[in-house]
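So the sequence lines, in the order shown, correspond to chains A and B.
For the first sequence, our numbering assigns the number 423 to the last residue and increments by one with no breaks.
For the second sequence, our numbering assigns the number 423 to the last residue and increments by one with no breaks.
Notes follow the structure.
Number of protein chains: 2
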Amino acid sequence: MRALALRPLHPHSAELIEVPEPSGLGVLVRTLAVGICGTDREILDGEYGWAPPGRERLILGHESLGEVIEVEDGSSLRKGDLVVGIVRHPDPVPCPACAAGEFDMCRNGQYSEHGIKELDGFCRERFRLAEERLVRIDPKLRQSGVLLEPTSVVAKAWDHIERIGARTRSWSPRRVLVTGAGPIGLLASLLTRQRGCELHVYDRHEDGLKPELIKELGGEYHSSGLEALCGINADVVIECTGAASVVATVMSNNARSGIVCLTGLSSGTHRIKHDFTALNRAMVLENDVVFGTVNANRAHYEMAAAALAQAEPNWLGRLITRRVALTDWRNALESKEGDIKTVIDFCL
Amino acid sequence: MRALALRPLHPHSAELIEVPEPSGLGVLVRTLAVGICGTDREILDGEYGWAPPGRERLILGHESLGEVIEVEDGSSLRKGDLVVGIVRHPDPVPCPACAAGEFDMCRNGQYSEHGIKELDGFCRERFRLAEERLVRIDPKLRQSGVLLEPTSVVAKAWDHIERIGARTRSWSPRRVLVTGAGPIGLLASLLTRQRGCELHVYDRHEDGLKPELIKELGGEYHSSGLEALCGINADVVIECTGAASVVATVMSNNARSGIVCLTGLSSGTHRIKHDFTALNRAMVLENDVVFGTVNANRAHYEMAAAALAQAEPNWLGRLITRRVALTDWRNALESKEGDIKTVIDFCL
Chain A
76 MRALALRPLH PHSAELIEVP EPSGLGVLVR TLAVGICGTD REILDGEYGW APPGRERLIL
136 GHESLGEVIE VEDGSSLRKG DLVVGIVRHP DPVPCPACAA GEFDMCRNGQ YSEHGIKELD
196 GFCRERFRLA EERLVRIDPK LRQSGVLLEP TSVVAKAWDH IERIGARTRS WSPRRVLVTG
256 AGPIGLLASL LTRQRGCELH VYDRHEDGLK PELIKELGGE YHSSGLEALC GINADVVIEC
316 TGAASVVATV MSNNARSGIV CLTGLSSGTH RIKHDFTALN RAMVLENDVV FGTVNANRAH
376 YEMAAAALAQ AEPNWLGRLI TRRVALTDWR NALESKEGDI KTVIDFCL
Chain B
76 MRALALRPLH PHSAELIEVP EPSGLGVLVR TLAVGICGTD REILDGEYGW APPGRERLIL
136 GHESLGEVIE VEDGSSLRKG DLVVGIVRHP DPVPCPACAA GEFDMCRNGQ YSEHGIKELD
196 GFCRERFRLA EERLVRIDPK LRQSGVLLEP TSVVAKAWDH IERIGARTRS WSPRRVLVTG
256 AGPIGLLASL LTRQRGCELH VYDRHEDGLK PELIKELGGE YHSSGLEALC GINADVVIEC
316 TGAASVVATV MSNNARSGIV CLTGLSSGTH RIKHDFTALN RAMVLENDVV FGTVNANRAH
376 YEMAAAALAQ AEPNWLGRLI TRRVALTDWR NALESKEGDI KTVIDFCL
């Protein structure tokens, strides 16, 4: 069967190769789609990624959607079920967080991740995975269920926002600002509206699909410069750009007891001059919180599955702006104008 | 009776004046001691502070210790009880946080504060306060109970650290770094050791009382430059300096899932160049939290009273490095070499 593999840290070494059928135990899954994100592009560019121990090549792909084609006796899954693979696996000798099932909060970094770190990814025609590593999703999500993994990151973000907010009994966020309207920002916007909060979204793009999608959610779209963010006074900010100037701006401008959740990553070095005394003073006097979040554990995948099942299917489907056949993978891995989420569609 | 009053925003306008005996309802308290902190010095320098509405002068003092001399019928307080006044009062039309008793998290800034904002302080021979505005402390704290207010700030810091930490089930902090060994840093160190955590303390002073006090708590004292902080890898950092360079260093150097609690304030502007991309990246990939905290509500005063009652009395007493008579208040308000906490002692 075919798989998209590369030699980690070797730029542009990706190629479509023949690999043996998946062997061993576990549920056999036929891949329907694999989503592409910035991490995949970093791995492709040779900046990131680890092959499985003793091997040269890593199969790419961590945003998956598949269909169960073979189950073990006694499984709660059935043939035909739609499933998504959980990306991170704890080390066999787990840290306290991993031992509690909170591998997203791993304390020692000894985890592995499908398609990223020491475990083959899902960009292959079939894979086997232990049942507890698969999340079943609503059958109606056949078109957009590949968005589950990025949604799990947002579900974790909201889970932690709510847990941190609950440090005070009286916390009840009304106004939410999302910076960056890529897939994470749009899914964060969806989960924000599902909570009934007022939504503001900031992105550089002035027109096109992004403002439309936000408007359809009932949110307000801002693209006229960072200064506009200073007056929004949001109770919660979900930062999805990773851009230094945006991060510094949202850290300095939010409501009293405000919570800023950082989800975005950008690479490189960007030293900016910032008044740390003023930032510190504002954070102290206003009881502000800033926190970073990465990855998601099983509970967050389940929350994400519930959120996607509640979403308007047409809205969700429009986040996938390009579907590309596996043979055309080079095309999928390029960033193009107007892209939101590009998916390698195994049914094409 | 005598009171230390000043005209807010008029530098060095403080003077000892005669004021009428406290009238109205509430518990009558004889002042035993008033602690002096950086906020008092900012008010004295004309940088901060608000007089009560319609008045020119504000009586200074928010860190109090007093003895009940007259109670109303049905009071749970008795003559001779040691009490401390709660600094912040919510607005008569409270915000949701204030309505829940969490006036330390006030959302609209419409609170008042004894000795700081629109309410006379405790630096007067007697005051009256409603019973619910007084916290009773252990009779053995006659010498050091004036430390209750700064301890309440630290009790709130630890309360929020623990609530934020509990966003994951597996959180269990082992190593704590306290930056700054002033009164807040030393009291934070005390509460850290009361929780059984490993304690590291950073301060500029190489010798004298501070290293001794930390050593007696069983902590490790560091004074050899900020670089030393990078290797400590603390699960929790309690930042008590407010200094831009220290804040930037601790935000960038802590353990995975680390929590940095900012309690320190410094004035002025200090623009430092910092790599925000790297800071953001580390916070995201390591699930880090940074939060600010100010003030304390009644629950935190009660926690602080319990913490002080458990502390070693001699250790606590040594935090008060100068006791000055009310007539000598100018002396008390000056910062002197070797000062930790200076107290105006009404019994001298």
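The beta-carbon is built from N, C-alpha and C at its ideal position, and this holds for glycine as well.
Report yes or no: is there a C-beta of chain A within less than 7 Å of the C-beta of residue i?
| i | result |
| --- | --- |
| Lys348(B) | yes |
| Leu340(B) | yes |
| Thr316(B) | no |
| Glu93(B) | no |
| Phe421(B) | no |
| Thr324(B) | no |
| Ile239(B) | yes |
| Asn355(B) | yes |
Residues of chain A with CB closer than 7 Å to the CB of residue i, please, in chain order.
| i | result |
| --- | --- |
| His235(B) | Arg242 |
What does residue i pair with, by DSSP beta-bridge criteria?
| i | result |
| --- | --- |
| Arg201(B) | Arg105(B) |
| Asp420(B) | Ala108(B) and Ala400(B) |
| Val253(B) | Val276(B) and Ile313(B) |
| Arg346(B) | Asp350(A) |
| Tyr296(B) | Val276(B) |
| His189(B) | Leu194(B) |
| Glu93(A) | Arg77(A) |
| His164(A) | Ser187(A) |
| Ser139(B) | Val109(B) |
Since residue i and residue j should fall inside the 8 Å C-beta cutoff, what is the C-beta to C-beta distance between them, to a whole number of angstroms?
| i | j | result |
| --- | --- | --- |
| Phe421(B) | Ala108(B) | 6 Å |
| Gly255(B) | Asp278(B) | 6 Å |
| Val168(A) | Val418(A) | Incorrect: roughly 36 Å between the Cβ atoms, too far for contact. |
| Arg105(A) | Arg201(A) | 6 Å |
| Val321(A) | Val335(A) | In fact, because the Cβ distance is near 11 Å, the residues do not count as touching under 8 Å. |
| Gly240(B) | Trp246(B) | 4 Å |
| Ala400(A) | Leu423(A) | 4 Å |
| His297(B) | His275(B) | 6 Å |
| Ser332(A) | Glu361(A) | 7 Å |
Whose Cβ in chain A lies nearer than 8 Å to the Cβ of residue i?
| i | result |
| --- | --- |
| Met358(B) | Leu337, Val365, Phe366 and Gly367 |
| Ser332(B) | Ala172, Met180 and Arg182 |
| Ala175(B) | Thr243, Arg244 and Ser245 |
| Asn328(B) | Near Asn328(B) there are no residues of chain A at all, since even the closest Cβ is about 14 Å away, more than 8 Å. |
Who are the neighbours of residue i on chain C, taking C-beta pairs under 7 Å?
| i | result |
| --- | --- |
| Met76(B) | No chain C is part of this structure, whose protein chains are labelled A and B. |
Along chain B, in chain order, which residues have C-beta atoms closer than 7 Å to that of residue i?
| i | result |
| --- | --- |
| Ala379(A) | None at all; the shortest Cβ gap to chain B is about 18 Å. |
| Asn362(A) | Met180, Gly367, Thr368 and Val369 |
Quick one: using the 10 Å Cβ neighbour count with 16 as the cut-off for buried, is residue i buried or exposed?
| i | result |
| --- | --- |
| Gly294(B) | buried |
| Pro128(B) | exposed |
| Ser410(B) | exposed |
| Arg244(A) | exposed |
| Lys215(A) | exposed |
| Met378(B) | buried |
| Ile395(A) | buried |
| Lys290(B) | exposed |
| Ala172(A) | buried |
| Lys231(B) | buried |
| Asp179(B) | buried |
| Cys305(B) | exposed |
| His85(B) | exposed |
| Ala407(A) | buried |
| Asp148(A) | exposed |
| Asn389(A) | exposed |
| Ala319(A) | buried |
| Lys154(A) | exposed |
Give the residues of chain A in contact with residue i, contact being defined as C-beta atoms less than 9 Å apart.
| i | result |
| --- | --- |
| Asn308(B) | In chain order: nothing, as chain A lies at least about 11 Å away. |
| Thr267(B) | Going along chain A, no residue has its Cβ under 9 Å from Thr267(B), so there is no contact; the nearest lies around 19 Å. |
| Thr396(B) | Near Thr396(B) there are no residues of chain A at all, since even the closest Cβ is about 25 Å away, more than 9 Å. |
Using a Cβ-Cβ distance under 7 Å, would residue i count as near chain B?
| i | result |
| --- | --- |
| Ala319(A) | yes |
| Thr106(A) | no |
| Thr352(A) | yes |
| Asn389(A) | no |
| Asp372(A) | Residue 372(A) is actually Asn in this sequence, not Asp. Closer than 7 Å: no. |
Just the chain B side, please: which residues come within less than 8 Å of residue i by C-beta, in chain order?
| i | result |
| --- | --- |
| Thr114(A) | Here the premise fails: no neighbours, minimum Cβ distance about 11 Å. |
Any heavy atom of the ligand ZN closer than 6 Å to the beta-carbon of residue i?
| i | result |
| --- | --- |
| Leu135(B) | As for the ligand ZN, it is missing from this structure, which has no ligand bound. |
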